[in-house]
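In this note's numbering, the protein residues as written are 30 to 74. The beta-carbon is built from N, C-alpha and C at its ideal position, and this holds for glycine as well.
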Amino acid sequence: MELWSELFSDWVGILSFGTIAVVIVIAAYFYVFFSKKMDEDQGQQ
Numbered sequence: 030m031e032l033w034s035e036l037f038s039d040w041v042g043i044l045s046f047g048t049i050a051v052v053i054v055i056a057a058y059f060y061v062f063f064s065k066k067m068d069e070d071q072g073q074q
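Encoded structure:
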């Protein structure tokens, strides 16, 4: 648990965590978005 307290004890750690969280959310969104688009393309052919 020392790792978490050290991560959130400074602005740099908080911004790093926020950046990592945003990247994971964007990756999940792109995965869902592109998988739906690929399914639509398969249905049209």
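message: So, for Lys65: in the same chain, excluding its five sequence neighbours on each side, which residues have a beta-carbon less than 8 Å away from its beta-carbon?
response: By 1-based counting over the sequence shown, the position of residue 65 is 36. Take Lys65, set aside five residues on each side of it, and no residue of its chain has a beta-carbon closer than 8 Å to its own.
Nonlocal neighbours in the same chain, by C-beta distance under 8 Å from Gly42, ignoring five residues either side: As a first step, residue 42 is located in the sequence shown; it is residue number 13 there, counting from the start. Correct list, in chain order: Glu35, Leu36.
- request: In angstroms with no decimal places, state the Cα-to-Cα distance between Ile49 and Glu69.
  value: The count along the sequence shown starts at 1 and reaches residue 49 at position 20. The count along the sequence shown starts at 1 and reaches residue 69 at position 40. Answer to the nearest angstrom: the Cα atoms are 30 Å apart.
message: Need the endpoints of the alpha helix (DSSP H) that Ser34 sits in, please.
response: Translated into the one-based positions of the sequence shown, residue 34 becomes position 5. First-last of the alpha helix (DSSP H) with Ser34: 31-36.
task: Just the C-alpha distance for Met30 and Ala57, rounded to the nearest angstrom, thanks.
output: Start at 1 with the first residue of the sequence shown, and residue 30 comes out as number 1. Start at 1 with the first residue of the sequence shown, and residue 57 comes out as number 28. Put simply, the backbone Cα of Met30 is about 27 Å away from that of Ala57.
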